[in-house]
Amino acid sequence: MDMIQTISLTSQGQISIPATTETGWLVEPVPDILSLGGILHKYAIKGKTASQIRKLEKEAFEKAIVEDYLASVADE
3 MDMIQTISLT
13 SQGQISIPAT
23 TETGWLVEPV
33 PDILSLGGIL
43 HKYAIKGKTA
53 SQIRKLEKEA
63 FEKAIVEDYL
73 ASVADE
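Numbering (our numbering), first residue to last: 3 to 78.
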């Protein structure tokens with residue numbers, strides 16, 4: 003189980019670490035949101051208009067609702 007500890011950074015560049023933090027901790031910078039650009043390109047639907055994609059999404063959503071309902075009825 004991961005435990006997240008909050009630290010603070012002072013204006014002088016020092017960090018304060020909670021006393022309860024054990025040794026062996028690791029500080030990682032939060033990635034810049036712009037660095038994430040394009041990471042989902044392999045999931046893009048190519049060759050379809052926005053309307054066609056919305057229709058596909060609606061159909062998939064409706065199918066998921068029906069499957070979820072049928073699974074809940076089968077559990078009864």
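Backbone N, C-alpha and C define an ideal beta-carbon position, used for all residues, glycine too. This one's a predicted model, so the numbers in the text were calculated from it and none came from an experiment.
Going straight from the alpha carbon of residue i to that of residue j, what length do you get?
i	j	result
Gly15	Thr8	16 Å
Ile55	Ser37	26 Å
Lys48	Tyr71	31 Å
Leu58	Asp34	32 Å
Ala73	Pro31	43 Å
Glu61	Ile17	51 Å
Can you give me the start and stop residues for the alpha helix (DSSP H) that residue i sits inside?
i	result
Glu64	52-77
Please classify residue i: does DSSP put it in a helix, a strand, or coil?
i	result
Ile17	strand
Leu36	helix
Report yes or no: is there a C-beta of chain B within less than 7 Å of the C-beta of residue i?
i	result
Lys44	Checking the listed chains, one finds no chain B in this structure; it contains a single protein chain.
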